[in-house]
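Student:
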Amino acid sequence: MSTAILTGQPVPGSSLEGDLRSLGFDVRIASGTAEAETLLAAVPAGQRVAVVDTRFVGHVHALRLGLTDPRFPISAIPGAVTAQQDGRPALTRALARENAAGETPEGGTTLVGSLADRVVTALDTDGAEVHRPELGSLVATVPADPQARNEARQAVASVDDEAVRLKSAVKARDGFFTTHFISPYSRYLARWCARRGLTPNQVTTASLLTALIAAACAATGTRPGFVAAGVLLIASFVLDCADGQLARYSLQYSTLGAWLDATFDRAKEYAYYAGLALGAARGGDDVWALALGAMVLQTCRHVVDFSFNEANHDATANTSPTAALSDKLDSVGWTVWVRRMIVLPIGERWAMIAVLTALTTPRITFYALLASCAFAATYTTAGRVLRSLTRKAKRTDRAARALADLTDSGPLTEALGGPLTKPARRLPGFAAPALALLGGLAVVATAALTGFGGPWTVLAACAYVLTSALAVARPLKGALDWLVPPFFRAAEYGTVLALAAAADVNGALPAAYGLVAAVAYHHYDTVYRIRGNAGASPRWLVRAAGGQEGRVLAVAVLAGLLTGSQFTVALTVLAVAVALLVLVESIRFWVSAGAPAVHDEGEPA
Numbered sequence: 010m011s012t013a014i015l016t017g018q019p020v021p022g023s024s025l026e027g028d029l030r031s032l033g034f035d036v037r038i039a040s041g042t043a044e045a046e047t048l049l050a051a052v053p054a055g056q057r058v059a060v061v062d063t064r065f066v067g068h069v070h071a072l073r074l075g076l077t078d079p080r081f082p083i084s085a086i087p088g089a090v091t092a093q094q095d096g097r098p099a100l101t102r103a104l105a106r107e108n109a110a111g112e113t114p115e116g117g118t119t120l121v122g123s124l125a126d127r128v129v130t131a132l133d134t135d136g137a138e139v140h141r142p143e144l145g146s147l148v149a150t151v152p153a154d155p156q157a158r159n160e161a162r163q164a165v166a167s168v169d170d171e172a173v174r175l176k177s178a179v180k181a182r183d184g185f186f187t188t189h190f191i192s193p194y195s196r197y198l199a200r201w202c203a204r205r206g207l208t209p210n211q212v213t214t215a216s217l218l219t220a221l222i223a224a225a226c227a228a229t230g231t232r233p234g235f236v237a238a239g240v241l242l243i244a245s246f247v248l249d250c251a252d253g254q255l256a257r258y259s260l261q262y263s264t265l266g267a268w269l270d271a272t273f274d275r276a277k278e279y280a281y282y283a284g285l286a287l288g289a290a291r292g293g294d295d296v297w298a299l300a301l302g303a304m305v306l307q308t309c310r311h312v313v314d315f316s317f318n319e320a321n322h323d324a325t326a327n328t329s330p331t332a333a334l335s336d337k338l339d340s341v342g343w344t345v346w347v348r349r350m351i352v353l354p355i356g357e358r359w360a361m362i363a364v365l366t367a368l369t370t371p372r373i374t375f376y377a378l379l380a381s382c383a384f385a386a387t388y389t390t391a392g393r394v395l396r397s398l399t400r401k402a403k404r405t406d407r408a409a410r411a412l413a414d415l416t417d418s419g420p421l422t423e424a425l426g427g428p429l430t431k432p433a434r435r436l437p438g439f440a441a442p443a444l445a446l447l448g449g450l451a452v453v454a455t456a457a458l459t460g461f462g463g464p465w466t467v468l469a470a471c472a473y474v475l476t477s478a479l480a481v482a483r484p485l486k487g488a489l490d491w492l493v494p495p496f497f498r499a500a501e502y503g504t505v506l507a508l509a510a511a512a513d514v515n516g517a518l519p520a521a522y523g524l525v526a527a528v529a530y531h532h533y534d535t536v537y538r539i540r541g542n543a544g545a546s547p548r549w550l551v552r553a554a555g556g557q558e559g560r561v562l563a564v565a566v567l568a569g570l571l572t573g574s575q576f577t578v579a580l581t582v583l584a585v586a587v588a589l590l591v592l593v594e595s596i597r598f599w600v601s602a603g604a605p606a607v608h609d610e611g612e613p614a
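Structural data, given as structure tokens:
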């Protein structure tokens, strides 16, 4: 329930009260500032409350944007201000100040103008954070006289409120395929869902179920199954676009919805990879190594994105000739689309996978996916390295903390951190990423080249623990220190892949796929907690999961002590244990009242 307090003299013929009721507000009328303050105090603390000038003229969608968005404690548009529970104290103080200022000690006249606008000014003076939505061509104003009111009404009539609302439901920045082949009709699907009372979470769930059915069709290993899988994968993506568009169209943002949207995309894609691998196996072709390689590469690409963005989230003097060139290229229309397509965002990637699944074989699909993702990863990483080397920026403590959390370092690193702090300070600025890269290459190469079992991989894993601890023994504030988390991801996932492939027994690679999927979920969960300013995963969870260096050592030791079949069982048990551990804690956190709402307005790579 929400309450709107209308202030000022009633305006004949105004539809404002009806508009507010259509948005779910219980409307109350205040004859003056004092009565408005009294009515505000009577509204239950848990309700949203709005103060709106009776002379307001504007589009209903302008009111919707200004007064119903759940993401902001206080929001305002000309002639209206609203506050949720967290913003109520600030609104109450501002309104009390206006009430006290209404009459001068000498008995002067009451202040004129919009009370709502004066309250917003008072909120700004108090330092309250007031969200002001971009209205674009929408009208929101408080006319001062009848002529201005007529002009405002004409301006409202000249703009199609619904067309603006529908257009704004689409992300401002999307990939070429999504923009030109999906959004032109998915927005109408979103509106259809809104008019039937469907929620974004329901559409998100439908998208997941459709993708899982697509994976099941691919797992049949038949040509009709592959064709159906490709069609259903595109259908799942249409629903995936529609859920976000529905959220923006109806302003139905929620913490649970943000979490579902963020995690289900990865679950859908990686489940589809598994379905392709199962389908290929039915036809006598084992492509589990390719499926796992695709998941590893895709996850590492995401970690590069997340790590770079966090490292530069609030960097000072954040300038670079490379960044300036990129901004210049963005002014040339066709280069924008080419550059968005090169990075192979989710729309282009899923379209490619769907078409290749329907027309070719799983092996060809994975070859094309690996080649295109590798090119995209090289392009984006090289550009970010150049930006980092050419920009003069000072990394903040917050950025260093975020990078440290993204490394997912566990108890072994904690134990070695103290003794290694002093040696780490003597190392050059590029030492952290160099150590992470060299240590990771050593353990993955040893696992891949020395065969399954034996002491060499265990020794390489022990050395990797030392290099990992040394890499993070000092704050990650170097120009290229954002590379440390993705190097750690590549080392851990690559070690599991190499050892499972070397085991050369049935079930080893699927078990490794399950383990990497569980650990990758933990890493994605950490990213979205950080992006929501809620901190990283709790330390007890990181310790219980062993940390990335602990898991590398554990898998290496298991490979050294067990046979191939026993190793497969051990990987399966480890995958189930990690999955249960991280899923239970993640679900507990994201459905709790204190979880942040993370809304991604850009298309993930």
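Residue 10 is where the sequence shown starts when you use the working numbering, and the numbers rise one by one after that.
Glycine included, every Cβ here is placed at the ideal spot set by N, Cα and C.
Just so you know, these numbers come straight off a predicted model, no measurement behind them.
1. Kindly indicate which three-state DSSP category V61 falls into: helix, strand or coil?
2. In chain order, what residues of the same chain have a beta carbon less than 8 Å from the beta carbon of D135, not counting five sequence neighbours either side?
3. Below 8 Å, can you find three or more Cβ-Cβ pairs linking the stretch 488 to 502 to the stretch 541 to 554?
4. For the beta strand (DSSP E) containing V139, list its first residue and its last residue.
5. Check for me: the alpha helix (DSSP H) holding S84 runs from which residue to which?
6. What residues in its chain sit with their C-beta under 6 Å from that of A469, if we drop five residues either side in the sequence?
7. In chain order, what residues of the same chain have a beta carbon less than 6 Å from the beta carbon of L144, not counting five sequence neighbours either side?
8. I'd like the span of the beta strand (DSSP E) that includes F315, first residue to last.
9. Could you name the residues of the same chain whose beta carbon sits closer than 7 Å to that of P87, not counting the 5 residues immediately before and after it, in chain order?
10. In chain order, what residues of the same chain have a beta carbon less than 6 Å from the beta carbon of A526, not counting five sequence neighbours either side?
11. Apart from the five residues just before and just after D406, which ones in its own chain have a Cβ nearer than 8 Å to its Cβ?
12. Check whether the stretch 154 to 172 touches the stretch 74 to 94, taking contact to mean three or more Cβ pairs, one atom from each stretch, closer than 8 Å.
13. Measure the CB-CB distance between T12 and N108 and report whether it falls below 8 Å.
14. Relative to the C-alpha of T422, which residue among L479, A409, L395 and V505 is closest?
15. Within a Cβ cutoff of 6 Å, which residues of the same chain sit near A251, ignoring the five residues on either side of it in sequence?
16. In this structure, does DSSP put K403 in helix, strand or coil?
17. For V587, name the three-state secondary structure that DSSP assigns.
18. Decide if the stretch 427 to 446 is in contact with the stretch 505 to 523; the criterion is three or more beta carbon pairs, one per stretch, under 8 Å apart.
19. Spatial neighbours of K486 within its chain, please: CB distance less than 6 Å, with the 5 preceding and 5 following residues excluded, ordered by chain position.
20. Beta carbon of P79, beta carbon of A92: below 8 Å?
21. With a cut-off of 8 Å, does the C-beta of G206 fall near any C-beta of chain C?
22. Beta carbon of V165, beta carbon of V60: below 8 Å?
23. Could you give the distance in angstroms between the alpha-carbon of V474 and the alpha-carbon of V514?
24. Whole alpha helix (DSSP H) runs in the stretch 432 to 474 with 4 or more residues, listed along the chain?
25. In whole angstroms, give me the CA-to-CA distance for L567 and L590.
26. Return yes when the Cβ of L378 is within less than 8 Å of the Cβ of I362, no when it is not.
27. Return the first residue and the last residue of the alpha helix (DSSP H) that L213 is part of.
28. Please state whether DSSP places V66 in a helix, a strand or coil.
29. CB-CB under 6 Å to A216, same chain, minus the five flanking residues each way: which ones, in chain order?
30. Give the secondary structure of L72 by DSSP, where H, G and I count as helix, E and B as strand, and everything else as coil.
31. Considering just the uninterrupted stretch of the alpha helix (DSSP H) at I38, what are its terminal residues?
32. Taking the alpha carbon of P21 as the point to measure from, which residue in V66, T47 and G573 has its own alpha carbon closest?
33. Do you know offhand how far P420's Cα is from N542's?
34. If you follow the alpha helix (DSSP H) that L4 is part of, which residue opens it and which one closes it?
35. Comparing C-alpha positions only, which one of P547, M10 and Y537 sits nearest to R275?
36. Using the rule of at least 16 other Cβ atoms within 10 Å of the residue's Cβ for burial, across every protein chain shown, is T623 buried or exposed?
Tutor: Straight from the coordinates:
1. Note: V61 maps to strand in three-state DSSP.
2. Excluding positions up to five away in sequence, the list reads A99, R102 and A103.
3. Not touching, per the Cβ criterion.
4. No beta strand (DSSP E) holds V139; DSSP gives it neither H nor E.
5. Element bounds for S84: not the alpha helix (DSSP H) but the beta strand (DSSP E), I83 to I86.
6. Cβ contact annotation for A469 (same chain, cutoff 6 Å, sequence separation greater than five): A451, V452 and T455, in chain order.
7. Excluding sequence neighbours, L144 sits near A71.
8. No beta strand (DSSP E) contains F315, which is instead part of the alpha helix (DSSP H) from W297 to A320.
9. Setting aside the 5 residues that flank it on each side, P87 is surrounded in the same chain by D126, A149, T150 and V151, each with a C-beta closer than 7 Å to its C-beta; the list follows chain order.
10. Excluding positions up to five away in sequence, the list reads Y279.
11. The beta carbon of D406 sits closer than 8 Å to those of P484, all from its chain and outside the five residues before and after it, given in chain order.
12. Inter-segment contact for the stretch 154 to 172 and the stretch 74 to 94 is absent: fewer than three beta-carbon pairs are separated by less than 8 Å.
13. Going by C-beta atoms, T12 is not nearer than 8 Å to N108.
14. For the residues L479, A409, L395 and V505, the minimum Cα distance to T422 belongs to L479.
15. Answer for A251: S195, L198, A199 and V212, listed in chain order.
16. Strand, per DSSP.
17. Of the three classes helix, strand and coil, the one that applies to V587 here is helix, per DSSP.
18. No, the stretch 427 to 446 does not touch the stretch 505 to 523.
19. R404 and A409, listed in sequence order.
20. Contact: no.
21. No chain C appears in the structure shown, which is made up of a single protein chain.
22. It is not a contact, given that the beta carbons lie outside the stated cut-off.
23. The alpha-carbon atoms of V474 and V514 are separated by roughly 28 Å.
24. You should have 440 to 458.
25. The C-alpha of L590 is placed about 20 Å away from the C-alpha of L567.
26. With contacts defined by Cβ atoms closer than 8 Å, I362 and L378 form a contacting pair.
27. Sequence check: residue 213 is Thr here, not Leu. First-last of the alpha helix (DSSP H) with T213: P209 to A228.
28. The three-state reading of DSSP puts V66 in strand, counting E and B together.
29. The question names Ala, yet the displayed sequence has Ser at residue 216. These residues qualify, in order along the chain: S245, L248 and D249.
30. Collapsing the DSSP output to three states places L72 in a helix.
31. The continuous stretches of alpha helix (DSSP H) do not include I38, which lies in the beta strand (DSSP E) extending over residues F34 to A39.
32. Looking at the Cα atoms, V66 is the closest of the given residues.
33. Their Cα atoms are separated by approximately 24 Å.
34. Outside the shown range of the chain, which is 10 to 614, sits residue 4, and nothing can be said about it.
35. Per the Cα distances, Y537.
36. Residue 623 lies beyond the stretch modelled for the chain, which goes from 10 to 614, so this question has no answer here.
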